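By the numbering used here, the letter at position 725 of the sequence shown is numbered 735, and the numbering carries on one by one without gaps. For glycine and all other residues, C-beta sits at the position ideal for the given N, C-alpha and C. A quick note: this is a predicted structure, and the numbers were derived from the prediction, not measured.
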Amino acid sequence: MKILELKLKNLNSLYGEWTIDFTDPEYTANGIFALTGPTGSGKSTILDAICLALYGATPRLGRITKSSNEIMSRQTGECYAEVVFECQSGQYRCHWEQRRARKSPDGNLQDQEHTIGYAYGEQKIIESKKSKVLGVIEDKTGMDFDRFTRSILLAQGSFDTFLKADTEDKSRILEQITGTEIYTDISRRVHERHREEMEALKVLEGDLAGIKLLEPEALEAIQSELQQKQTQSQELNQSRIQFEKGIQWLQQIEQVGQHLQAIRQSQVELQAKQDAFKPDQIRLDRALEVVSLDGDYATLKGLQQQQEKEQQALLDDQQKLPDQEKLVAQHQATVDQTQQQLQAAKSALQTQSPVLKQVRALDIQIQNQQAALSKSQQQQSLVQQQIQQKNQTIEQQQIMIDQQQNTLADIGRYLEGHQQDEWLVTGLAGVEAQLQQLVSYESQAHQLKMALDDLAEKSKSDKSPQAQTLQVQAELDKVISQQKAFQLEDDALQSKKEALLQGKLLREYHAERDSAFREMTLVRKIESLEEERLHLVDGQPCPLCGAEEHPYAADVPVSNALEDKIQKLDALIGQVDALEAERVELQQKKEKLTEQAYGLQQQLVQLEFDLKQLASETTRIEQQQHELQEYIDTLKVKLQEQLKDHLQDDISNPQAVLQALKAKAAQWQVQQKALHEAEKQLAQLQANQKEAAASQGPLEAQLHELAESVQQLEKSISQQQEQRFELFGEQNPDNIESQLQADIEKAEKSLQALQGVLQQSQQVLSGLLQQIDYYEQQIAARAPELQELQQAFEKALDAFELDEPGYLQARLAPPERVALQEQARKLQQQQIALDSKAHDRTAELVQLKEQQLTDRSMDLIQADLADTQNKQQILVENISELNLQIKQHEEALIQVAARKDAIDSQKIECDRWTKLHELIGSADGKKFRNFAQGLTFELMVAQANKQLAKMSDRYVLTRSIAAPLELNVIDQYQAGDIRSTKNLSGGESFIVSLTLALGLSKMSSRKVRVDSLFLDEGFGTLDEDTLDTALDVLSSLHQEGKVIGIISHISALKERIRTQVQVMPGFAGKSVLNGPGCSAAV
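What follows is the structure in structure tokens.
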């Protein structure tokens, strides 16, 4: 991760908008730069801005919220921080901002806004929801806020946070920096897979336990019963077959008898149909005899019908002939009359043509002269209008001249009366600047007053430092009183304890009690050996212990006294322990009170500081208010003097004064401009009036000439119109000529149509004559043939002894004849078929009766069959149940075998995952992660040692054997003595933390690469030689593309690093930035 650009606004002492471009060539050329400036100038604020833009929090203040924002500059209404950074997935822009209501310094804090988007191009926003932005940033950078401040930005006072982090924190940081979170996933997945495999084994074992098998005796009994049932079923099946055959035989005899009876009934019905058909049969036979005459009769009849048809057509045409001849004569007369009318029309047109030509010439002359007359009249009217318009223009211009002269007089009077306003046109700019400055000063004075009122209100409130000081002091006094009471109680307990111990130590009483207890134990053992003691003799060894002296052989100590002693000692020890427990409890209360007193004292110190700050702030604001009021009073006196000729009121309202002055200046300019415009317009109006008066003479002369021309044209037109009326009246020659031409065309069209009608009627007449001739010839030619056919047909009838009426009665129409023939054929076929069926069924019945399959009735056989089927159905159900039990048993055997094989396989799988789980598996992924991060930590320590070797040859970092993620140092100057990093001095801790940060920066992964490192203070703990060495090492990182930023106020460091960003304090606690890539918004 590399920081490319930082923008900020109104953060602590950095008022306004500032930009630091870390891509400036100076940063990339040197690779190391210093953030310098006095204490409190705002150096650490730059690092706060980076954290704020990324995570919405700072190392010093934590998370900034709607209820708490101590980083926004005082007396401002908004602040923001923005960072452009680069990581392996691209370049991104993070923006954080917060405003007060209405952007007013005294407004309530609003919800903060936090976004991340692409840095360049369209700058598309990736996420803008506060709850999701941090997740996106952590995904892109690979670091959360804590990891960022421990590996990239070592904040002031917390540079050794990673060094002092516990094992879990170190592991998580290394995991994010090096991208080795896969080991956590593997550990969790191994744990989960082990659990799944064990659960699968339990499921298989549960399934196996749930499978039910038959006992061998039960299986053998079922198989025996099944065999018996199957035998019975076969016997019943044979009986059933015999019964079914008998029933089938009886049913066949009954069916054949029924069929034979139906056939005989059909024969009876057929005979009735044959009797009913006999009359039609006779007609059919007679028709078949004369069917040979049908062809000759048809030919004769066809020829007779044709002869009769043409004879009728000849008669019709002969009747039409006279009428058609009369119609042709009428059409010829009409054609002759139309030809005469056409000739008369042509003669009339020839006679009128000279007159029409003369009239047209006169009409053209009249039309031309009327056009000239109209044009002259129009010109006459136009000239009259122009003369009238000139007169009106002269009158209007005179009125405008009078008005313009009045306007000039009014403007002159205004300018003379407001001569003093002329100065405002040029002098108002300076006055406006002073008025704006006055407004600004008054606004600042109002803000200062509000700030003083706010401070006064805070000092009067219950939460004011004064009130809190009294409250905290009262609480502290109460705590001190309780401490004294506890001390008196502790002294009393100590006195009781000393009285009980009577100058001895408690352990002495414990020793005395243990001794008495051992003695009592020995006495009880002695008492248990009383019989053996009677045989002891002095000087002879004891058979139990070998001693030759026997002090208790005759006088055995009594154990009751010892028990009393032990009880008293136990009571004493118990009382002392109880007193000691009370003192321990009392001591804990005293320690809590001490901590509480310390906290209250710290609060008093802080409240005292707050009171001083409040007083200082109040004094500062009052001083600024006094200075501003002096500026305001001086400026008002100066403005009042400048504007005494322009204003009657004071300048208590600068904005109103400015508006009034602007209005006066604007009015003066408007009047001045109006004066020039009015003078210019007056001159133009006078010139236009003179020009209009000069152009009236030529127009009146032109009007007189046009009047004479109009009179002459009117006289000429009147003479020509009289000549034309005498020649042709008021008729239109074109209309007359068109009418004559239309009469000719009409006559020609009528003649042409009538000639067509005449031709059609003549054609009809000619056709009638031709048809009459044709019919006469056909009729005459057909007469001999008809006579010959008639004679031949009559001769053929004689052979059948029939005349023509008898033939017609005997013959049948072909459809009827065919239908009767088909009906006769069907009746014959039906008789043959029924005779054949009757013969076959009779033979079949005889054959069936000869079989004699049973002598029992149908009802008895059916009853036996039903009984047999019921018994067989019961056996089938029993057999099915027995087969099902055997099948279920066989399937269960297969399932048991399969489950056992599956359980064996699953046990192998479980063993494999159990071994892996014992090695690396854990629910939280800690087991394998800590192991893997131990290796990663060792690599990081190796990288850190390389950097440490460049700074000092005394120390070497090494991993702790007891805790793999803890560090120790080997002191080369102390014969390789291994020390804990907790015992390092401030300078030593800084060097080790610095080398660890450099080691982390080299441990890049697919997710995180550390190319920017910021160090806030800490160099003040180094001596001059170590400082030079550390800076040399940091400068060498430039070759790896890294940029190091160091915040410090040490003069030696500022002299050593050439590239610097200077934070310089200015007026009223406002600082400015100066350095490469630094710029302020205009």
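First and last residue of the alpha helix (DSSP H) that includes residue i?
i: residue 56; result: 53-65
i: residue 728; result: 706-738
i: residue 969; result: Run containing residue 969: none in the alpha helix (DSSP H); it sits in the beta strand (DSSP E), 965-969.
i: residue 300; result: Here residue 300 belongs to no alpha helix (DSSP H), and DSSP marks it neither H nor E.
i: residue 1075; result: Careful: residue 1075 lies outside any alpha helix (DSSP H), inside the beta strand (DSSP E) at 1070-1075.
i: residue 784; result: 743-809
i: residue 142; result: 140-151
i: residue 154; result: Counting along the chain, residue 154 falls outside any alpha helix (DSSP H), and DSSP gives it neither H nor E.
i: residue 850; result: 824-861
Determine the extent of the beta strand (DSSP E) in which residue i is found, giving its start and end residues.
i: residue 899; result: Element bounds for residue 899: not the beta strand (DSSP E) but the alpha helix (DSSP H), 868-930.
i: residue 1084; result: 1081-1084
i: residue 208; result: Not the beta strand (DSSP E): residue 208 falls in the alpha helix (DSSP H), residues 192-220.
i: residue 990; result: 987-990
i: residue 136; result: 135-137
i: residue 981; result: 977-981
Checking 8 Å against the spacing of the C-beta atoms, do residue i and residue j come in under that value?
i: residue 375; j: residue 712; result: no
i: residue 380; j: residue 727; result: yes
i: residue 45; j: residue 1071; result: yes
i: residue 594; j: residue 507; result: no
i: residue 96; j: residue 107; result: no
i: residue 583; j: residue 530; result: no
i: residue 348; j: residue 757; result: yes
i: residue 743; j: residue 366; result: yes
i: residue 313; j: residue 827; result: no
i: residue 425; j: residue 681; result: yes
i: residue 207; j: residue 916; result: yes
i: residue 24; j: residue 66; result: no
i: residue 338; j: residue 771; result: yes
i: residue 290; j: residue 802; result: no
i: residue 243; j: residue 896; result: no
Tell me, which residues are paired with residue i by DSSP?
i: residue 109; result: 88
i: residue 449; result: Answer by DSSP bridge pairing: none, since residue 449 is not bridged.
i: residue 1093; result: Residue 1093 cannot be examined here, being either before or after the span of the chain that is shown, 11 to 1092.
i: residue 95; result: 13, 102
i: residue 1090; result: 28
i: residue 18; result: 28, 91
i: residue 119; result: 110
i: residue 997; result: For residue 997, which the question treats as bridged, DSSP gives no partner whatsoever.
i: residue 72; result: 68
i: residue 644; result: Answer is none; residue 644 lacks a bridge partner.
So, at 7 Å on beta carbons, what are the nonlocal neighbours of residue i in its own chain, with the 5 sequence-adjacent residues on each side left out?
i: residue 478; result: 617
i: residue 34; result: 1086, 1087
i: residue 767; result: 341
i: residue 851; result: 266, 269, 270, 273
i: residue 226; result: none
i: residue 1084; result: 1072, 1074
i: residue 841; result: 280
Measure the beta-carbon distance from residue i to residue j and round it to whole angstroms, keeping in mind my assumption that it falls under 8 Å.
i: residue 1009; j: residue 951; result: 7 Å
i: residue 246; j: residue 885; result: 7 Å
i: residue 236; j: residue 892; result: 4 Å
Under 7 Å from any heavy atom of the ligand PLP, does the C-beta of residue i make it?
i: residue 837; result: Among the components of this structure there are no ligands whatsoever, and the ligand PLP is therefore not found.
If you drop the 5 nearest sequence neighbours on each side, which residues of the same chain put their C-beta closer than 6 Å to that of residue i?
i: residue 253; result: 871, 874, 875
Excluding the 5 residues preceding and the 5 following residue i in the sequence, name in chain order all residues of the same chain whose CB lies nearer than 8 Å to its CB.
i: residue 1064; result: 44, 46, 1058, 1070
i: residue 754; result: 352, 355, 356, 359
i: residue 148; result: 154
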